[in-house]
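For the sequence shown, counting from 1, position 103 maps to 103 in the UniProt record's numbering; every step adds exactly one.
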Amino acid sequence: MSLDFSKYFEEYTKLVAGADKAFAQIQQSCPDQVTCKKGCCDCCYALFDLTLIEAMYLNHHFKQLPPEIKNRVYLRADKADRKMAIVKKKAFKMEQKGESREDVLKMVGQEKIRCPFLGDENKCEMYEHRPITCRLYGVPQEIGGQAHVCGLSGFTPGTSYPTVKVERLQDSLVLLSNALVKGVQSKYDKLATVFVPVSSAVLTVYDEDYLGIDSRVKKAKKAQWSVRS
């Protein structure tokens, strides 16, 4: 059975457009501080997770790539996924020892894992469909009441700048993910709260089994669902 998530992807692209607009506005107001340029790939080694809608959107467009590119990405994703597992295990042990969340996040933030989509010439092979985190990396972001910014940018600590409130955007992504989960009548009511790294989004098969679609729903939907490229 083919699944059609186009209406959810359409809503997601609206959030992407909003993120791009926010980046452009900050870049326009702070041209000397926003130093993003072609060839810079610092953000391509940062660790972050994707919401369900982001992961499925990325996976969908990944599958449209030419076979030779997909094969290279698969290999990098497998390597990155294994490294990510080590980092998560380390973070879990720190939590078990009672270390603070701040220390755990600091450790994770210092880790560097190459994104599966970063090509040999330091060019993104999924640039047009890259996640929102990638699109906002070079401008100030507010997370948990604290400002964060790329270390290669020209923003000065302690100075006031326009800032993207990431948690508001994240809430919108979770709401959209939840709408998708409800829309397919998944038996996994907490699926929208599952976050995965880019590597896992590449390697995961987002089929009926993963999404928890009941066999009766499959039969009812079979005639009306189709994949849109």
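By construction, the Cβ of each residue, glycine as well, lies at the ideal position given by its N, Cα and C atoms.
| query | Considering only the beta carbon of each residue, do Met107 and Met94 sit closer than 9 angstroms? | reply | yes
| At what residues does the beta strand (DSSP E) containing Ala147 begin and finish? | 146 to 148
| Nearest neighbour of Leu136, chosen from Ala192, Thr35, Val87 [CA to CA] | Thr35
| query | Roughly how many angstroms lie between the CA atoms of Leu3 and Asn59, to the nearest whole one? | reply | 13 angstroms
| query | So, helix, strand or coil for Gln41, using DSSP? | reply | First, the residue type needs correcting, since residue 41 is Cys and not Gln in the sequence shown. Coil at Cys41, not helix or strand.
| field | Own chain partners of Tyr206 with C-beta closer than 7 angstroms, once the 5 adjacent residues on each side are dropped | value | Met56, Asn59
| Who are the near neighbours of Asp214 in its chain, counting only those whose CB is closer than 8 angstroms to its CB and skipping five residues on each side? | Gln185, Lys187
| message | Please state whether the Cβ-Cβ distance between Glu11 and Leu176 is less than 9 angstroms. | response | yes
| When you compare only the Cα positions, how much space is there between Glu128 and Ser100? | 37 angstroms
| said: According to DSSP, simplified to helix, strand and coil, what is Val227? | reply: The predicted position of Val227 is uncertain, since its pLDDT is 49 and thus under 50; a value taken from the coordinates is nonetheless stated next. Residue state, collapsed to three classes: coil.
| query | Just to confirm, are Val202 and Phe62 a CB contact at a threshold of 9 angstroms? | reply | yes
| task | Determine the extent of the beta strand (DSSP E) in which Glu142 is found, giving its start and end residues. | result | 141 to 143
| message | Could you tell me the alpha carbon to alpha carbon distance between Lys165 and Lys21, rounded to whole angstroms? | response | 13 angstroms
| field | Proximity winner among Gly212, Cys134, Glu121, relative to Gly39 (alpha-carbon distances) | value | The option with the nearest alpha carbon to Gly39 is Glu121.
| message | I need the DSSP call for Leu50, collapsed to helix, strand or coil. | response | strand
| For Phe48 and Thr133, believed in contact at Cβ under 8 angstroms, the rounded distance | Contact between Thr133 and Phe48 is confirmed by a C-beta separation of about 5 angstroms, below the 8 angstroms threshold.
| field | Neighbourhood of Met126 by C-beta, 6 angstroms cutoff - its chain only, sequence neighbours within 5 removed | value | Phe117
| field | CB contact flag (Ala19, Ser200, <9 angstroms) | value | Contact flag unset, no.
| Any idea what DSSP makes of Pro197, helix, strand or coil? | strand
| message | Could you tell me the alpha carbon to alpha carbon distance between Glu208 and Val87, rounded to whole angstroms? | response | 30 angstroms
| query | Just the Cα atoms here: how many angstroms apart are Cys124 and Phe92? | reply | Phe92 has its alpha-carbon roughly 31 angstroms from the corresponding atom of Cys124.
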